[in-house]
Amino acid sequence: MARNGTAPLFSDTAAGTLRLIGYLALAVVLMVVDQRGGWLARLRYAGALVVEPVYRLAALPAALVQDARLAFVERRDLTEENRRLREALLLAQARLNRLGAVADQNQRLRELLDVRHSLGMNVQLARLLDIDVDPYRHRIVLDAGAREGVKAGQVVIDAHGVMGQVVEVLPHTAVAMLITDPNHAIPVTVERTGLRTVAYGTGAIDRLKLPTIPLSAHVRVGDKLVTSGLGGRFPAGFPVGEIVQVAPDQAGMFAVAVARPAAALDRSGEVLLLHDLAEPAGPPEPVPPVGPPAQLAPNTATAGTSP
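Dropping the structure here:
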């Protein structure tokens, strides 16, 4: 017996030697049985079922920390990707809107170019810098002035009709009065009947007033108004507006008509300035002589000399 009161597994005595031999024999028997029957593997498999939950429980804190870290990283990445996608979407939307605006501008310029070619007149392109649609003052500021050849009194048109005329010229800008200005008047002709009258500005960007139309003129809604050319400022034949309302005045002696301007006064961004046509210099060209055809001239001369 050892001093602590416990017996060693093996000792130097005969009993210890016999115990060692017994254990060795048991080990040999167990190895032979396991080799032939494989029962130890089944025992290990059954033991694993008991031990595996302990392993999983021990690894649970580390797995939770790993999952939390991955979730945080994925959330951060998703947030960053979402921000980049929003920025890309906003940029694409801005570019799309810009392309739409450019397409509209190209369409307006194409219409102005068609008008320029169809007029056969000396015109100048200008862009709007500012617009003032105060009820008592309808003016626009153009990006062309005296240095670009603009003069006071020039007619301003867009692709649809007359807009107004230049009233002030600065070195690189010009101010034009719109036809809807309360102080503006333009001589017009009713295209259907040929009636000549005057259209006045009303202070409303979409209204012109024709206050002195004879009742016998038979002006009706839908009639087109064009410039008459009277006064020498506005060339004849340019669209001015369309009659939208006709009613007798308070005295019942005349009819009062309201017209909608043909030009896009509140939407046009580019306009055309009409230049005055050059006056012919010198006397007119001689008129070609008028007489009988050349092939008949000898016969005529012979007939004149015969007795």
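Quick note: the sequence shown uses the working numbering, first residue 37, plus one each step. C-beta: ideal position from N, C-alpha, C; glycine also. Computed from a predicted model, the values in this text were never measured in an experiment.
Using the three-state DSSP reduction, which class does residue i fall into: helix, strand or coil?
i    : result
L56  : helix
L261 : strand
F274 : coil
L127 : helix
P171 : coil
A180 : coil
Candidates the options: which alpha carbon is nearest residue i's?
i    : options                   : result
A253 : F270, G230 and G237       : G230
T263 : R256, R183, F274 and I167 : F274
R173 : T233, V211 and G258       : V211
V280 : G265, V226, A94 and R232  : V226
D259 : K245, A295, G267 and Y236 : A295
D217 : G197, T209 and D168       : D168
G197 : G52, T248, S304 and L56   : S304
V191 : L125, Y91, R122 and V276  : V276
E204 : R146, D179, A98 and L246  : D179
Less than 8 Å between the CB atoms is what I'm expecting for residue i and residue j, so what's the real figure, rounded?
i    : j    : result
A291 : P284 : 6 Å
R269 : Q201 : 7 Å
A300 : D194 : 6 Å
T248 : T233 : 7 Å
T115 : L165 : Actually they are not in contact, since the Cβ atoms of T115 and L165 sit about 44 Å apart, beyond 8 Å.
L132 : R175 : Not really, about 34 Å apart at Cβ, beyond 8 Å.
Does the separation of the CB atoms of residue i and residue j fall below 7 Å?
i    : j    : result
G185 : L206 : no
L310 : V159 : yes
V224 : L261 : yes
L246 : A293 : yes
E306 : R163 : yes
Tell me whether residue i, by its Cβ, gets closer than 6 Å to a heavy atom of the ligand NAD.
i    : result
L308 : Here there are no bound small molecules, and the ligand NAD is not part of this structure.
Which full runs of the alpha helix (DSSP H) of 4+ residues lie inside the region 200-256, going along the chain? none
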